[in-house]
Amino acid sequence: MIRQAVRRLPKPPTLRRGVCSDSSRVQSAQQVFAELTKKRPVFRVTEPVEVIREPREFYQGLLRGIGGAKSRIVLSSLYLGSDEPELVSALDRALSANPSLGVDVLLDCLRGTRSDSRGQSSATMLAPLVRKHGDRVRVAMYHTPALHGVSKRLWPQRYNETFGLQHIKAYVFDDEFIVSGANLSRDYFTNRQDRYIRIGSRGLAAYFVDLVRAIAGFSFILGPKGLAMPVGVPDPSRDPREFVAVANAAMTGFLGRAQAENPATDGSEADTLAIPTVQMSQLGITQDEEHMREFFHITDAYARRHGCRNLMASAYFNFSDFHKRNVLRSASRWDLLVASPRANGFYTASGISRYIPDMYSIIEHEFLRSSGGRPDIAVEEYYRDGWTFHGKGVWCYLDQKLPQLTMIGSPNYGYRSIYCDLETQITLIPGTAGSLQGDLHQEALSLLSHSEMVTEAGLKKRIRGAPLWLYGLKPFILKKM
Numbered sequence: 002m003i004r005q006a007v008r009r010l011p012k013p014p015t016l017r018r019g020v021c022s023d024s025s026r027v028q029s030a031q032q033v034f035a036e037l038t039k040k041r042p043v044f045r046v047t048e049p050v051e052v053i054r055e056p057r058e059f060y061q062g063l064l065r066g067i068g069g070a071k072s073r074i075v076l077s078s079l080y081l082g083s084d085e086p087e088l089v090s091a092l093d094r095a096l097s098a099n100p101s102l103g104v105d106v107l108l109d110c111l112r113g114t115r116s117d118s119r120g121q122s123s124a125t126m127l128a129p130l131v132r133k134h135g136d137r138v139r140v141a142m143y144h145t146p147a148l149h150g151v152s153k154r155l156w157p158q159r160y161n162e163t164f165g166l167q168h169i170k171a172y173v174f175d176d177e178f179i180v181s182g183a184n185l186s187r188d189y190f191t192n193r194q195d196r197y198i199r200i201g202s203r204g205l206a207a208y209f210v211d212l213v214r215a216i217a218g219f220s221f222i223l224g225p226k227g228l229a230m231p232v233g234v235p236d237p238s239r240d241p242r243e244f245v246a247v248a249n250a251a252m253t254g255f256l257g258r259a260q261a262e263n264p265a266t267d268g269s270e271a272d273t274l275a276i277p278t279v280q281m282s283q284l285g286i287t288q289d290e291e292h293m294r295e296f297f298h299i300t301d302a303y304a305r306r307h308g309c310r311n312l313m314a315s316a317y318f319n320f321s322d323f324h325k326r327n328v329l330r331s332a333s334r335w336d337l338l339v340a341s342p343r344a345n346g347f348y349t350a351s352g353i354s355r356y357i358p359d360m361y362s363i364i365e366h367e368f369l370r371s372s373g374g375r376p377d378i379a380v381e382e383y384y385r386d387g388w389t390f391h392g393k394g395v396w397c398y399l400d401q402k403l404p405q406l407t408m409i410g411s412p413n414y415g416y417r418s419i420y421c422d423l424e425t426q427i428t429l430i431p432g433t434a435g436s437l438q439g440d441l442h443q444e445a446l447s448l449l450s451h452s453e454m455v456t457e458a459g460l461k462k463r464i465r466g467a468p469l470w471l472y473g474l475k476p477f478i479l480k481k482m
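Using this note's numbering, the letters of the sequence shown correspond one by one to residues 2 to 482.
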């Protein structure tokens, strides 16, 4: 049975303010979004771009990439699951078979050193590779400067990561890579739905290699004797102010070089444009926030003349005030896709965490109430029996037929994405060659085929039994989860 959410997407939006769609417009998507290419590196992708649909395909792509890499493997994730020895074994085999191969891994320090019940962590999983292969394996673990001093000592492991994380997800194998929002653990390879796109581009792959290595330059490095900061770099948990100055200088330099070396150039409309953006607000880097602000402005202006439809997905209905404000005042139609309570990663959690899905329902209800019942703003909830949902990104339909822009990467578009975590996403503007537009549309339809639209009245009924004290936790949830 085709769900209502799927039927919504292909339909042209109801245009407001008496504006009619102008069929005579001749601007291409690359022209409409030209402002996004300014002051940012831009890459022309001429090779086919593959949209991966399922977690198992993502996992097999990782294994093929590791097994086929000739010179470099770069893995950036929040953590490596302690239930994932096969990936470590695959890296070991690849390194043993190819003396020319080097491996860089970037993880979050707080999450990557958190032990499970067996005493295993990302760090303990990767330590044998460092001991066996020496400087051919570099494992970096970024530590937020926001957790230091007394807070560092008092906050328990499970909650200290709310201060800030390394959240970038990118997986590079020589000159191709997979950009995703998925981490490296078993559920992300089996029944936790995310998004994944494989791109073959030497320049773009090199950008992400350099990005990971730039962050590694101010991160803890895992050595035979444990974790240590690079020589001359302050410990963020002891000297956060000096650390921020060093990290900001490194990232400002990296972004300046990336832009200077990869400016927007005239080329064929057949090429796909790829625009990577970075957000590291704790380090004074707000590139992606500025990028999103320009995107909202462009689509709003376009919608007032022609009509426009957007789909924005996040693992959690915890959009920042910045995102909600721009959606609510936009002339575009917006569909927001999030996890249903049963598809939320916290649904089976213990302790106070088990109430987090209820909090997201409360926030959803308040958002729909603030929309005033507008028919061009809708919330869809993803549910697939036995699965959780972690997808994130944007699909923009300018001509109401196929998406002419997508954003994919690590941000959940919440407060943390803007102000706390290290994030990156890629904006893809498909060229006229190939099937990327159709593939992105089918990806969106596939996700929406497992979703149902929720209403203000339905959410009000759902949250009726929520404990009153949960409302008091809302400011914390909004900023920390």
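All residues carry an ideal CB built from backbone N, CA and C; glycine is no exception. Computed from a predicted structure; not experimentally measured.
Suppose you measure from the CA of residue i to the CA of residue j; what does that come to, to the nearest Å?
i	j	result
R370	G150	42 Å
R310	A95	45 Å
F477	V339	20 Å
A229	S77	19 Å
I276	L37	8 Å
R463	S362	8 Å
D84	Q32	46 Å
Y416	R137	37 Å
D195	A183	6 Å
T163	E270	43 Å
D188	I430	30 Å
L148	P412	21 Å
D175	G204	11 Å
K390	S452	Note that residue 390 corresponds to Phe in the displayed sequence, not to Lys. About 11 Å.
Y398	A35	16 Å
K475	Q28	44 Å
V89	P376	49 Å
Assign residue i to one of three DSSP states: helix, strand, or coil.
i	result
M293	helix
S77	strand
R330	coil
Y384	coil
S181	strand
I169	coil
C421	coil
N263	coil
F209	helix
L64	helix
R41	coil
D136	helix
W470	helix
T273	strand
V455	strand
R54	coil
V151	helix
Sorted by chain position, which residues of the same chain lie with C-beta nearer than 6 Å to residue i's C-beta, five sequence neighbours on each side aside?
i	result
L337	M313, V380
S123	Y80, L81, L108, G113
S321	G415, Y416, I419
W335	N311, V328, I378
R239	none
L64	A91
Y356	L471
Going by the beta-carbon positions, is the gap between residue i and residue j smaller than 7 Å?
i	j	result
F59	I67	no
C110	Y143	yes
Y197	S186	no
S152	F44	no
A344	Y383	yes
I222	A141	yes
D105	V131	no
T300	S341	no
G120	T145	no
L471	M360	yes
T191	G432	no
Might you give, ordered along the chain, the residues of its own chain that have their beta carbon closer than 7 Å to the beta carbon of residue i, omitting 5 neighbours on each side?
i	result
L284	V245, A248, N249, M252
I3	Caution is warranted here: a pLDDT of 32 is assigned to I3, below 50, making its placement in the model unreliable, and no coordinate value can be reported.
F297	N327, S331
H366	E457, L460, K461, I464
E48	G201, S202
G473	none
Return the chain-ordered list of same chain residues with a C-beta closer than 8 Å to the C-beta of residue i, the five sequence neighbours on each side being excluded.
i	result
S354	F347
E290	Q280, S282, F323, I419
G374	E457
G394	G182, R196, M313, A314, T407, M408, I409, G410, Q426
Q: State whether the segment 302-318 contacts the segment 450-470, with contact taken as three or more CB pairs (one from each stretch) at a distance under 8 Å.
A: no
Q.
Quick test of the definition: if touching needs 3 or more C-beta pairs under 8 Å, does the segment 246-264 touch the segment 200-219?
A. yes
Q. Three or more beta-carbon pairs under 8 Å between the segment 276-286 and the segment 415-428, yes or no?
A. Output reads yes: the segment 415-428 touches the segment 276-286.
Q. Quick one: any contact between the segment 157-175 and the segment 209-226, if contact means 3 or more CB pairs under 8 Å?
A. yes
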